[in-house]
Amino acid sequence: MKQEMLITQISPDQVGEFISESFYQELTENFQQKFPTEVKSVMLSRAAVETALSGENVSGIKFMNGLEDANDPSSRMLVLIPCNYTVTASLPNSIIKQHGFMTNTGQIISLERTWQVLFNHVLNFKKLDPAMSYTQINRGAFMGRILLTEFLAATTCDSIIYHFGYLVEENLPYKLIIQPADGIKMFGEMSVPCPGGAGCPAVTTSNDPCALTQITTTMLGNEAESRLNLLRTFRDKIVTDKFSGVEVEKYYTISASLLEAIDKTQNKEAIFKGLYDKYIASSLNAISQNDEETAFVLFQEAMQHLTETYLYQ
């Protein structure tokens, strides 16, 4: 049966609880039955978790699902993305490092490789559940630093078993369950899925995490929705047609963090106007003229400019 968190509005570092062995068995057995072709668990380096938690202002870790090869479910991996304390749409914002992120084995992979392995997971899941919309595919789970720190303190193991679970009531796959590799019956879970659900942790900003939505709405007001629908249709083409969905995966990973960085500047409105005029309006014009290649190039240029200017920490 599903266990509910007693606190529904909490600081992100408090996300996560220890669960019973019976609930662990239920989640993992459900996953095996629902996804018989998927890897049931991966090994997680203790050092990788400690390193991800060691940065400044880290509230916890997003354990993001990835695949080395989109056509090989056995190539399952995790990307560990540290998060700060600013919560958007029920998830804390990612801390983007220019050198890349650590995987479950302790290897550091580049940002470009990160976006690729994350998108490989999306491609694989679409085969498992073709009806699932792109934005609703579970990409991983967030767990707060308090539980992770307590978990590490309770075991001397260098390796952790990261189990995948499935919560039937919410049709929620890839639930995060961690266990010491020495077989001790200690299980950590009750994490927040990515994309997040309502309620926990407490949202510190009411803004939409989508930068395109915020910028376009700011510039066009009530007229924004029709323009945004054009961009959404174009997004779907990027993912499913001849363009690269990797760029879209990058966008969804960094968008909330990007908006947080712009919010901290002294000229947010001017930045929004400049971004809209140079990239969004130009892309919309190209799309209206069926010049999707130009629109995609503008999207790539915008992502590169924004990450280099506002995001790298």
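Sequential numbering of the sequence shown, starting at 76, is according to the working numbering. We treat Cβ as the ideally placed atom computed from N, Cα and C, and that holds for glycine.
Near residue 206, what residues of its chain come up, given a Cβ to Cβ distance below 7 Å and the 5 sequence neighbours on each side ignored? In the sequence shown, counting from the first residue as 1, residue 206 sits at position 131. Correct list: empty, nothing qualifies.
Roughly how many whole angstroms lie between the Cα atoms of residue 331 and residue 98? For this step, residue 331 is matched to residue 256 along the sequence shown. For this step, residue 98 is matched to residue 23 along the sequence shown. When rounded, the separation of the alpha-carbon atoms in residue 331 and residue 98 is 33 Å.
Residue of 381, 386, 336 and 153 minimising C-alpha distance to residue 249: Position 174 of the sequence shown, counted from the first residue, corresponds to residue 249. Among 381, 386, 336 and 153, the Cα nearest to that of residue 249 is on 153.
Could you give the DSSP three-state label for residue 97: helix, strand or coil? In the sequence shown, counting from the first residue as 1, residue 97 sits at position 22. If DSSP states are grouped into helix, strand and coil, residue 97 belongs with the helices.
For residue 195, name the three-state secondary structure that DSSP assigns. Counted from its first residue, the sequence shown places residue 195 at position 120. Three-state DSSP puts residue 195 in a helix.
Is DSSP giving residue 92 helix, strand or coil here? Walking along the sequence shown from the start, residue 92 turns up at place 17. The answer is strand: DSSP assigns residue 92 an E or B state.
Extent of the continuous beta strand (DSSP E) run through residue 381: In the sequence shown, the residue the question calls residue 381 occupies position 306. Run containing residue 381: none in the beta strand (DSSP E); it sits in the alpha helix (DSSP H), 367 to 381.
Just mark residue 365 as buried or exposed, buried being the case when its beta carbon has 16 or more other beta carbons within 10 Å. Along the sequence shown, one-based indexing puts residue 365 at 290. Residue 365 counts as exposed, since fewer than 16 other C-beta atoms from the protein chains shown sit within 10 angstroms of its C-beta.
Rounded distance between the beta-carbons of residue 89 and residue 219, thought under 8 Å: Within the sequence shown, residue 219 is the residue found at index 144, counting from 1. Within the sequence shown, residue 89 is the residue found at index 14, counting from 1. So it is a contact: roughly 5 Å between Cβ atoms.
Which of the three DSSP states is assigned to residue 355 in this structure? Walking along the sequence shown from the start, residue 355 turns up at place 280. Helix, per DSSP.
Considering residue 343, what are the terminal residues of the alpha helix (DSSP H) in which it resides? Translated into the one-based positions of the sequence shown, residue 343 becomes position 268. Note, residue 343: alpha helix (DSSP H), 343 to 350.
Ignoring anything shorter than 4 residues, give me the alpha helix (DSSP H) runs that lie fully in the stretch 97 to 168, in order along the chain. Secondary structure within the stretch 97 to 168: the alpha helix (DSSP H) runs of 4 or more consecutive residues, fully enclosed, are 121 to 128 (chain order).
Cut-off 7 Å between Cβ atoms - residues of its own chain near residue 255, not counting five sequence neighbours on either side: Residue 255 sits at position 180 when you count from the first residue of the sequence shown. Correct list, in chain order: 230, 232, 235 and 261.
At least three beta-carbon pairs within less than 8 Å, the stretch 160 to 172 to the stretch 330 to 348: Contact between the stretch 160 to 172 and the stretch 330 to 348 is present, because at least three Cβ pairs lie under 8 Å.
Between which two residues does the alpha helix (DSSP H) carrying residue 289 extend? The residue you call residue 289 lines up with position 214 of the sequence shown. Looking at the DSSP string, the run of the alpha helix (DSSP H) that includes residue 289 is 286 to 295.
Count the other CB atoms within 10 Å of the CB of residue 284; is the residue buried (16 or more) or exposed (fewer)? The residue you call residue 284 lines up with position 209 of the sequence shown. Answer is buried; the Cβ neighbour count reaches 16.
Closer than 7 Å: residue 148 CB and nearest the ligand SAH heavy atom: Absent from the structure shown: the ligand SAH. Ligands present: none.
Assuming residue 179 contacts residue 120 (C-beta within less than 8 Å), just tell me the rounded distance between them. Indexing the sequence shown from 1 puts residue 179 at position 104. Indexing the sequence shown from 1 puts residue 120 at position 45. Sure, about 6 Å apart at Cβ, within 8 Å.
Using 8 Å as the threshold, is the C-beta distance between residue 115 and residue 238 below it? On the sequence shown, residue 115 is found 40 positions in, with the first residue counted as 1. On the sequence shown, residue 238 is found 163 positions in, with the first residue counted as 1. A contact, by the Cβ cut-off of 8 Å.
Please classify residue 162: is it buried, with 16 or more other beta-carbons within 10 angstroms of its beta-carbon, or exposed? Translated into the one-based positions of the sequence shown, residue 162 becomes position 87. Residue 162 comes out buried.
Cβ-based neighbour list, residue 252, same chain, cut-off 8 Å, excluding 5 preceding and 5 following: On the sequence shown, position 177 is the one that residue 252 refers to. Within the same chain, residue 252 has close Cβ partners 94, 99, 102, 103, 237, 238, 239, 240, 262, 263 and 264.
Return the CA-CA distance between residue 374 and residue 127, expressed in angstroms with no decimal places. For the purposes of this step, residue 374 is identified with residue 299 of the sequence shown, where counting begins at 1. For the purposes of this step, residue 127 is identified with residue 52 of the sequence shown, where counting begins at 1. Approximately 30 Å, taken between the alpha carbons.
Reducing DSSP to helix, strand and coil, say where residue 175 ends up. Position 100 of the sequence shown, counted from the first residue, corresponds to residue 175. Coil at residue 175, not helix or strand.
Member of 383, 105, 368 and 247 whose CA lies at the smallest distance from the CA of residue 213: One-based indexing of the sequence shown puts residue 213 at position 138. Considering only alpha carbons, the answer is 247.
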